[in-house]
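Visitor:
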Amino acid sequence: MRAGPRGKAARAAMAGGEQRAPGGPERVALKKEIGLVSACAIIIGNIIGSGIFISPKGVLEHAGSVGLALIVWVLGGGVAALGSLCYAELGVTIPRSGGDYSYVTEIFGGLAGFLLLWSAVLIMYPTSLAVIALTFSNYVLQPVFPNCIPPYNASRILSMLCLLLLTWVNSSSVRWATRIQDIFTAGKLLALTLIIIVGFMQIFKGNYKELTPSNAFRFWMTPSVGHLALAFLQGSFAFSGWNFLNYVTEELVDPRRNLPRAIFISIPLVTFVYTFTNIAYFTAMSPQELLSSNAVAVVVFLWCSRRPLAKFAGHDPRQELHTHSCPSPLCKLLSLLCHLLAEKLNHWENELEKPLRGGFTPEEEQWVTLNCSCEVPAAPERSSHQPEK
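With the UniProt record's numbering, letter number 97 in the sequence shown gets 97, and the count goes up by one each step, no holes.
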């Protein structure tokens, strides 16, 4: 059965582009509304997240010293910058939204693109969400179980409930999802800013014993090539998200100019934030304390908030890190992790949008048209990008 004129118009709408079809109306296309500042915000907002709270322990564990761990963080930013520049070249050469899917499909064909999308949806994204959800649970349960590891079932159940809640929010209301992301983004940036400020305050007070060269490069183990590779792997998790701007290339204003510029601005800024956040960690904690903590940022906040009172009472605040909870920093960290979960769920939409609006065959489109009793595009394009964080 042949598709009618409106069915052909639907296929033209799904194909995208800004040219007019011969003798027909203008095709639906994505609006170019993302400027340089917004592009930088997208990259920074998608990189900075739970990784800076998860990875420091793993990087330090495999690096074997504070100094080498900080070097790994700086070099990790360089590796992310190199990857971003490669993607910038792909983005200006193949100026289409969809990121990896669009590039693999263009270069290797539809089968390779389908396999990439299949593995991403069923393997890569779910595992990433699982790691972040479990981290969220650890931060929530750490004050509840201050002297022991949180129960296995409690952390898993809380993680599943969080994922289900955020999935429901993202599915039911775009407005509420974006509002939640805006609030949690502010909490995330505020938490990191406070940690860095606390670090500078400790340095100005002379509390940087672990950062002196004699202590920073005192190895408690000799790292092998395998250990260094694992340290870089841990750090790369914190820098994941540097390619997110390529998923909205069609919405960029002058992508040939703004895509590389956004990378040159964002990656060094994120590297600066990550490096100084780790420096702040080491002003408040010894390497052994950092390695023994599953919620590094919470411990730093607890120590900094309780230190004046403990010092006045004549006690060592490090001995009481886990005896009381601190609602304010905990709320900030919960906001951070919830925001990142919502952000990752919205990433699925950007990943799937390109194949959905451009990958239907005429038979599949006709099937949708017949069953819906109306000739409409199976996956219409967005008219504008989602509100930013």
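Ideal Cβ placement from N, Cα and C applies to all residues, glycine included.
Helix, strand or coil for ILE34 per DSSP?
Guide: As a first step, residue 34 must be located in the sequence shown, where it is residue number 34. If DSSP states are grouped into helix, strand and coil, ILE34 belongs with the strands.
Visitor: Check the DSSP bridge columns for ALA252 and list the partner residues they point to.
Guide: Position 252 of the sequence shown holds residue 252. Going by the sequence as given, residue 252 is Leu instead of Ala. Beta-bridge pairing links LEU252 to ILE34.
Visitor: Whether or not the stretch 277-292 and the stretch 127-138 are in contact is what I'm after, with contact meaning three or more pairs of Cβ atoms, one per stretch, closer than 8 Å; do they touch?
Guide: These segments do not touch.
Visitor: Once DSSP output is grouped into helix, strand and coil, what is the label at residue 397?
Guide: Outside the displayed range of the chain (1 to 389) lies residue 397, so it cannot be described from this structure.
Visitor: Determine the DSSP secondary structure at SER275, reduced to helix, strand or coil.
Guide: Residue mapping note: residue 275 aligns to position 275 of the sequence shown, counting from 1. The displayed chain sequence assigns Thr, not Ser, to residue 275. Correct three-state label for THR275: helix.
Visitor: Which parts of the stretch 36-82 are runs of the alpha helix (DSSP H), unbroken and 4 residues or longer, counting only runs that do not cross its ends?
Guide: If we require 4 residues or more, the alpha helix (DSSP H) runs fully inside the stretch 36-82 come out as 36-47, 51-63.
Visitor: My understanding is that LEU259 touches ALA88, with C-beta atoms under 8 Å, so please give their C-beta distance in whole angstroms.
Guide: Taking the sequence shown and counting its residues from 1, one reaches residue 259 at position 259. Taking the sequence shown and counting its residues from 1, one reaches residue 88 at position 88. With 8 Å as the limit, LEU259 and ALA88 qualify as a contact, their Cβ atoms being about 5 Å apart.
Visitor: Ignore the nearest five residues each way along the sequence and tell me which others in GLY35's own chain have a CB closer than 6 Å to its CB.
Guide: As a first step, residue 35 is located in the sequence shown; it is residue number 35 there, counting from the start. If we look at GLY35 and ignore the five residues flanking it on each side, its Cβ neighbours are VAL253.
Visitor: Decide if ARG96 is buried, meaning its Cβ has at least 16 other Cβ atoms within 10 Å, or exposed.
Guide: Position 96 of the sequence shown, counting from 1, holds the residue named residue 96. That one is buried.
Visitor: Can you give the Cα-Cα distance for LEU82 and SER236, rounded to whole angstroms?
Guide: Start at 1 with the first residue of the sequence shown, and residue 82 comes out as number 82. Start at 1 with the first residue of the sequence shown, and residue 236 comes out as number 236. In a straight line, the C-alpha of LEU82 is about 12 Å away from that of SER236.
Visitor: Taking C-alpha atoms, which residue in PRO151, VAL104, TRP118, ILE71 lies nearest to PRO213?
Guide: Sequence index remark: in the sequence shown, residue 213 carries index 213 (1-based). Comparing Cα positions, the closest option is ILE71.
Visitor: What's the C-alpha gap between ILE195 and PHE114?
Guide: The residue given as residue 195 occupies position 195 in the sequence shown. The residue given as residue 114 occupies position 114 in the sequence shown. Rounded to whole angstroms, ILE195 to PHE114 spans 42 Å at the Cα level.
Visitor: For SER173, name the three-state secondary structure that DSSP assigns.
Guide: What you label residue 173 is simply residue 173 of the sequence shown in a count that begins at 1. Reduced to three states, the DSSP call for SER173 is coil.
Visitor: According to DSSP, simplified to helix, strand and coil, what is ARG218?
Guide: Residue 218 sits at position 218 when you count from the first residue of the sequence shown. Three-state DSSP puts ARG218 in coil, outside helix and strand.
Visitor: If we call anything under 8 Å between Cβ atoms a contact, is PHE200 one with GLY77?
Guide: Sequence index remark: in the sequence shown, residue 200 carries index 200 (1-based). Sequence index remark: in the sequence shown, residue 77 carries index 77 (1-based). Not in contact: PHE200 and GLY77 (Cβ atoms no closer than 8 Å).
Visitor: Considering just the uninterrupted stretch of the alpha helix (DSSP H) at PHE244, what are its terminal residues?
Guide: Stepping through the sequence shown from its first residue, residue 244 is reached at position 244. From DSSP, PHE244 is part of no alpha helix (DSSP H); its letter is neither H nor E.
Visitor: Given a cut-off of 8 Å on the beta-carbon distance, is the pair PHE217 and GLY67 in contact?
Guide: Within the sequence shown, residue 217 is the residue found at index 217, counting from 1. Within the sequence shown, residue 67 is the residue found at index 67, counting from 1. Yes, Cβ-Cβ distance for PHE217 and GLY67 is below 8 Å.
Visitor: What is the DSSP secondary structure of SER224, reduced to helix, strand or coil?
Guide: Residue mapping note: residue 224 aligns to position 224 of the sequence shown, counting from 1. Coil.
Visitor: For ALA120, report the span of its alpha helix (DSSP H) as first-last.
Guide: On the sequence shown, position 120 is the one that residue 120 refers to. ALA120 -> no alpha helix (DSSP H), and no H or E assigned at all.
Visitor: Applying the 10 Å Cβ sphere with the 16-neighbour rule, what's the burial state of VAL37?
Guide: Working through the sequence shown from its first residue, we reach residue 37 at position 37. It counts as exposed.
Visitor: Apply the 10 Å Cβ neighbour rule to PHE53 and answer buried if 16 or more other Cβ atoms are within range, or exposed otherwise.
Guide: Counted from its first residue, the sequence shown places residue 53 at position 53. The residue is buried, with at least 16 neighbouring Cβ atoms inside 10 Å.
Visitor: Under 8 Å by Cβ, that's how I've got TYR101 and LEU85 pegged, so tell me the actual separation to the nearest angstrom.
Guide: Within the sequence shown, numbered from 1, the residue matching residue 101 stands at position 101. Within the sequence shown, numbered from 1, the residue matching residue 85 stands at position 85. Not confirmed; about 20 Å, so no contact.
Visitor: Closer than 7 Å by C-beta to SER286: which residues in its own chain qualify, once you throw out the five before and the five after it? Chain order, please.
Guide: In the sequence shown, the residue the question calls residue 286 occupies position 286. Excluding positions up to five away in sequence, the list reads GLU210.
Visitor: Got a sec? Which residues, its chain only, sit under 7 Å from ALA262 by beta carbon, not counting five neighbours each side?
Guide: For this step, residue 262 is matched to residue 262 along the sequence shown. So the qualifying residues of the chain are LEU36, ALA39, CYS40, ILE43, LEU245.
Visitor: Taking Cβ to Cβ, would you say LYS32 is nearer than 8 Å to LEU291?
Guide: Position 32 of the sequence shown, counted from the first residue, corresponds to residue 32. Position 291 of the sequence shown, counted from the first residue, corresponds to residue 291. Taking 8 Å as the Cβ cut-off, LYS32 and LEU291 do not qualify as a contacting pair.
Visitor: Kindly say whether ILE267, judged by its beta-carbon, lies nearer than 8 Å to any beta-carbon of chain C.
Guide: No chain C is part of this structure, which consists of one protein chain only.
Visitor: Thinking just about the alpha-carbon of each residue, which of ILE48, THR283, LEU60 is nearest to the one in GLN234?
Guide: To locate residue 234, count along the sequence shown from 1; it is residue 234. When each option's Cα is compared against that of GLN234, the closest is LEU60.
Visitor: What did DSSP end up calling CYS86 once you bin it into helix, strand or coil?
Guide: Counted from its first residue, the sequence shown places residue 86 at position 86. CYS86: helix per DSSP, three-state reduction.
Visitor: Ordered along the chain, which non-local residues of its own chain (more than five positions away) have a Cβ less than 7 Å from that of TYR103?
Guide: Your numbering for residue 103 matches position 103 in the sequence shown. So the qualifying residues of the chain are LEU90, ILE94.
Visitor: Please return the same chain residues whose Cβ sits closer than 7 Å to the Cβ of LEU309, not counting the five positions on each side in sequence.
Guide: The residue you call residue 309 lines up with position 309 of the sequence shown. With a pLDDT of 40 at LEU309, under the threshold of 50, the modelled position of that residue is not reliable, and the figure given next carries that caveat. Closer than 7 Å at Cβ, skipping near neighbours: no residue.
Visitor: Using the Cβ count rule (16 or more neighbours within 10 Å means buried), how would you classify TRP168?
Guide: Position 168 of the sequence shown holds residue 168. TRP168 should be labelled exposed.
Visitor: Which residues bound the alpha helix (DSSP H) around ASN138?
Guide: As a position in the sequence shown, residue 138 is number 138, starting the count at 1. Looking at the DSSP string, the run of the alpha helix (DSSP H) that includes ASN138 is 125-141.
Visitor: Going by alpha carbons, who is nearest to VAL140 out of LEU158, TYR125, LEU129, ALA229?
Guide: If you number the sequence shown from 1, residue 140 lands on position 140. Cα-wise, what sits closest to VAL140 is LEU158.
Visitor: For TYR247 and GLY98, which I take to be in contact (beta-carbon distance under 8 Å), what is that distance rounded to the nearest angstrom?
Guide: The residue labelled residue 247 in the question sits at position 247 within the sequence shown. The residue labelled residue 98 in the question sits at position 98 within the sequence shown. Sure, about 6 Å apart at Cβ, within 8 Å.
Visitor: For ARG208, which three-state DSSP category applies?
Guide: For the purposes of this step, residue 208 is taken as the residue at position 208 of the sequence shown. One detail in the question is off: residue 208 reads as Tyr in this sequence, not Arg. Three-state DSSP puts TYR208 in coil, outside helix and strand.
Visitor: Put residue 463 into one of helix, strand or coil per three-state DSSP.
Guide: Any answer about residue 463 is impossible in this case: the structure gives the chain only from 1 up to 389.
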